[in-house]
Amino acid sequence: MAQEIFITTADKVKEGEGFDFKYKGRPAILIRHGGGVKAFINICPHSGYETKMYEGKLECVEHFATFDPDTGMALTLPATPGSSLLEIKLKVADNKIYHLNTIVFKSKKL
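Just so we're aligned, residue 1 is where the sequence shown starts under the UniProt record's numbering, counting upward by one.
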């Protein structure tokens, strides 16, 4: 069983907004989008800057590359097509959100 590490309560994560936290000392973002919650390592693969929720997408604060909030996959340049934010596995139980100390790696479609 994966280790469960408490992040926050579900009511603190508002639809379309980000909730910043640390994952193993790295910036991470928890988002509520489309009724579900997702978490990603909050480092743009193109520039190394953080992202913020903006108009329904995760957007790099430096070069404005956008990422799908459901998958973390890059939507626009200058992020490399096929690149993505690293997803963090979550568990939601009794109004509490935990990360499972696990990263989900996605492979690039060829």
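The beta-carbon is built from N, C-alpha and C at its ideal position, and this holds for glycine as well. None of the values given here were measured: they were computed from a predicted structure.
Query, Result
"What three-state label does DSSP hand residue 10 in the structure shown?", "helix"
"Check whether the Cβ atoms of residue 58 and residue 100 sit closer than 8 Å, and answer yes or no.", "no"
"Who are the near neighbours of residue 23 in its chain, counting only those whose CB is closer than 8 Å to its CB and skipping five residues on each side?", "39, 41, 88, 99"
"Just curious, the beta strand (DSSP E) that residue 23 is in, first and last residue?", "18-23"
"Just to confirm the assignment, what range does the beta strand (DSSP E) spanning residue 101 have?", "96-104"
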